[in-house]
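The structure under discussion appears below in the form of structure tokens.
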Amino acid sequence: MAAAPPSTVHWIVRMNHRNRTVCFALLFAALGAHLLERPLGAPAWAALVLQFLIGPQLQYLWARRSARPVQAEFINMLIDSVGFGVWTAVLGFPLAVTLILPIGASFNLTAFRGLRGLGEAVVATGAGGLLGVVLQDLVWLPQAGVVATGLAVLVLHVFVALVALSAHDRSVRLHVARQQLRASEQALQQQLEQNQRLHAQLEDQAHRDPLTGLFNRRYLVETMERALAQSVQQRQALSLLLLDLDHFKQVNDTWGHQIGDEVLRAVAARLAAHVRAGDTVCRYGGEEFLVLLPGMLHAQAEERARHCCAELAQQPIQVGDLRLAMTWSIGVASHPLHGGSAQALIAAADRALYQAKHQGRNRVAMMPAHA
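Under full-length UniProt numbering, residues 1 to 371 are what the sequence shown spells out, in order.
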């Protein structure tokens, strides 16, 4: 298996390789000082070189190449713990070494595996100690020279400092990652809100007449069916006005379609300004408009239509320097008097509108019930 690039090596493997390389080099010096005080021959020095100088690099290469690098690194830490136990026993349990090596083993495994790691460290170090007793017999030499003791204490200080630096580095990285995640979440939320606004705008545009800004015929069909169902459920009336601008073709023919468009915008604004909050004003087509009046009785709708007629007739439309006198012809229909469906009500209002046109325009008309 090819070795992973350094940037892809698991952070636990990288961190332990650094800590192990530095601390084991110091341990080599500390334990070597003890060996000088208690000569054990060439095999002991060879074992010391193997574990503390060569071992860290071999352990790193193995964990780096492993398909399960974290598990491999845990095994490395267990090997370290066994070795610590062996050296503690072989050197005769010198006080500083007996204190420092088990602490290092326990600290490492507990940091990554919790109480389970602590138990594993105790077992591995104890097993190593028993193995050391078997190899060298039980020797009790707790006292050591100043140099050996000082080097052992230095190892502990360096190890704690390296672990603290690693913890600080991980904390900073975690903080940065959380900040980036929070920023990404905020950006995502802003994008989501922007998309929702855009969707609402597109949906609104799909339901709006681009010239007047009123609702269009498509929206009317959807809304009217819901309004009728609600009227039936609540046993309330529902009325509608179908309005047509009289002689609008003459405006286009005389003044042009641009002026005609301005007239349509102006009358649309007037209609929208004189309806209730729950009413719906639509451009039905051309110069025709429809006002849906939920909860309004037929007589009230007729009165509203007459008010619209009078208001437009009395207040000409101002387009630039032009004052154009315009009038409405309006057909009124109501549920349930003129039908129970949107199609039936619109048809009744359309017939009433035709009647208003036939009777001379600038007026309101309505058909008999269920006509």
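Cβ coordinates follow ideal geometry from the N, Cα and C atoms, glycine included.
Owing to the predicted nature of the structure, the values given are computational and were not obtained by experimental measurement.
- Looking only at its own chain, which residues have a Cβ that is under 7 Å from the Cβ of V153, when we skip the five neighbours before and after it? A96
- Touch test, the segment 296-309 against the segment 252-266, Cβ-Cβ under 8 Å, three pairs minimum: no
- Task: Name the two residues that bound the continuous beta strand (DSSP E) containing H247.
- Result: Looking at the DSSP string, H247 is not in any beta strand (DSSP E), and its letter there is neither H nor E.
- H338 to V332 span [Cα, whole Å]: 10 Å
- Sequence-distant residues of its chain with Cβ nearer than 8 Å to V147 (five each side left out): A33
- Item | Whole-Å CB distance - F28 paired with P56, under 8 Å assumed | In fact, because the Cβ distance is near 10 Å, the residues do not count as touching under 8 Å.
- Go ahead and label Q92 buried or exposed: buried means 16 or more other beta carbons lie within 10 angstroms of its beta carbon, across all protein chains shown. According to the sequence provided, residue 92 is Gly. The question's Gln does not apply to it. Burial call: buried.
- Item | Q51 beta carbon less than 8 Å from that of G85 | no
- Task: On the DSSP bridge assignment, give the partners of V328 in chain order.
- Result: For the record, residue 328 in the displayed sequence is Trp; it is not Val. L245.
- Task: Report the rounded CA-to-CA distance for P210 versus V221, giving the unit in angstroms.
- Result: 18 Å
- Host alpha helix (DSSP H) of G104 (start-end): 95-136
- Message: Which of the three DSSP states is assigned to L292 in this structure?
- Response: strand
- Query: Skipping 5 residues on each side, what residues in its chain have a beta carbon closer than 8 Å to that of S231?
  - Reply: A237, L238, P294, G295, H335
- Indicate whether A356 and I317 have their beta-carbon atoms separated by less than 8 Å. no
- Message: Quick check on A83: does DSSP put it in helix, strand or coil?
- Response: Position check: residue 83 holds Gly in this sequence, whereas Ala was assumed. Residue state, collapsed to three classes: helix.
- Alpha carbon to alpha carbon, how far is L245 from V281? 15 Å
- Starting from V364, follow its DSSP beta bridges and name the residues at the other end. I330
- Message: Rounded to whole angstroms, what is the Cα-Cα separation between G340 and L228?
- Response: 8 Å
- Anyone know if the C-beta pair for R217 and G285 falls short of 8 Å? yes
- Query: Mind checking whether R64 and V13 have CB atoms under 8 Å apart?
  - Reply: yes
- Rounded straight-line distance, which links the Cα of Q179 to that of L35: 51 Å
- Among G114, A305, H17, I100, which one has its Cα closest to the Cα of P69? H17
- Task: Identify whether R304 lies in helix, strand or coil by the three-state DSSP scheme.
- Result: helix
- Task: Answer with buried or exposed for T254, where buried requires no fewer than 16 other C-beta atoms within 10 angstroms of its C-beta.
- Result: exposed
- Query: Roughly how far, in whole angstroms, is the beta-carbon of F159 from the beta-carbon of N19, given that I think they are within contact range, below 8 Å?
  - Reply: 7 Å
- Message: From the DSSP secondary-structure annotation, give me the bridge partner or partners of T280.
- Response: L292
- Message: I'd like the list of long-range same chain contacts for M15, defined as Cβ closer than 6 Å, with 5 residues on each side in sequence excluded.
- Response: S166
- Query: Which residue's Cα is closest to the Cα of W62: A89, H10, G132?
  - Reply: H10
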